[in-house]
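What follows is a set of notes on a single structure, which appears directly below.
Protein chains in written order, with this note's numbering: chain A, 1249 to 1360; chain B, 977 to 1089.
Structure, rendered in structure tokens:
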């Protein structure tokens, strides 16, 4: 079945620096790739998603890139702020309403 | 902003007891899901529900599990006879379909003792 691997498991950056989190997936039929942010005591919150017909998508300080050939996608956060500190999950799915296969999560710490 | 609401936030139950986890999805959403996260592990898919029936379920979702949408607003997950290994955070989610993704609830932490 589909498997999603996520790296790194923890990431510590200085405020203002960029952070990059990478994921690989195994099922070449996957075509929907969301990223979620999870803060303590809350559920995963969708922050950005990308579909397989697009190579890159940006939303202010957040961007996601997708390489379908290599089956990997990445989350880029620029100008990080302390409030970006959270656990980030990538996921892959056959569609935006299908089951999500999650990565292991990355704990991002942004130091002031 | 509309939210998916889950109750209770934390439930402790004895092994072998039945539990019902409750969720109120966003009102105009059409697709409903349950996921779980065992401490320190990945978030795992359990079941998806659309048009009043299960559309997909995982290997985890065996005969001990069932879902219901009893009244058009609530969406429940029942575990008939809980085991220690059912201890996890259970997340409900909903989606309107189209180009939109999921919205997750804050989760119910289930502890089986």
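Backbone N, C-alpha and C fix where the C-beta goes; we use that ideal spot for every residue, glycine too.
- Between the region 1266 to 1282 of chain A and the region 1066 to 1076 of chain B there are fewer than three inter-stretch CB-CB distances shorter than 8 Å, so the stretches are not counted as touching.
- Put simply, of B:1028, B:1081, B:1062 and B:980 the residue whose alpha carbon is nearest the alpha carbon of residue 1038 of chain B is B:1062.
- In the DSSP annotation of this structure, the continuous segment of the beta strand (DSSP E) that includes residue 988 of chain B starts and ends at 986 to 989.
- No Cβ of chain B is located within less than 7 Å of the beta carbon of residue 1301 of chain A.
- The region 980 to 989 of chain B makes no contact with the region 1340 to 1360 of chain A; the number of CB pairs closer than 8 Å stays below 3.
- The beta carbon of residue 1345 of chain A falls within 7 Å of a beta carbon belonging to chain B, placing the residue at that interface.
- Contact between residue 1081 of chain B and residue 1065 of chain B is ruled out by a C-beta separation of about 11 Å, above the 8 Å threshold.
- Taking 7 Å as the threshold, the shortest C-beta distance from residue 1071 of chain B to chain A falls below it.
- According to DSSP, residue 1071 of chain B shares a beta bridge with B:1007.
- Residue 1303 of chain A sits exposed, since fewer than 16 C-beta atoms from the chains shown fall within 10 Å of its C-beta.
- Just so you know, the alpha carbons of residue 1053 of chain B and residue 994 of chain B end up roughly 11 Å apart.
- Where residue 1025 of chain B is concerned, the enclosing beta strand (DSSP E) starts and stops at 1019 to 1026.
- In the structure shown, the three-state DSSP call for residue 1304 of chain A is strand.
- Under the three-state reduction of DSSP, residue 1060 of chain B is assigned to helix.
- Taking a C-beta cut-off of 7 Å against chain B, none of the residues of the region 1259 to 1280 of chain A qualify.
- Judged by beta-carbon spacing, residue 1354 of chain A lies beyond the 7 Å limit of residue 1296 of chain A, meaning their Cβ atoms are not closer than that value.
- Distance from the Cα of residue 1325 of chain A is smallest, within the candidate group A:1309, A:1359, A:1262 and A:1300, for A:1309.
- Going by C-alpha positions, residue 1319 of chain A is about 14 Å away from residue 1312 of chain A.
- For residue 1253 of chain A, the three-state secondary structure derived from DSSP is strand.
- It is roughly 10 Å from the alpha-carbon of residue 1306 of chain A to the alpha-carbon of residue 1323 of chain A.
- About 18 Å separates the beta carbons of residue 1333 of chain A and residue 1352 of chain A, which is beyond the 8 Å limit, so they are not a contact pair.
- DSSP links residue 1312 of chain A through a beta bridge to A:1305 and A:1323.
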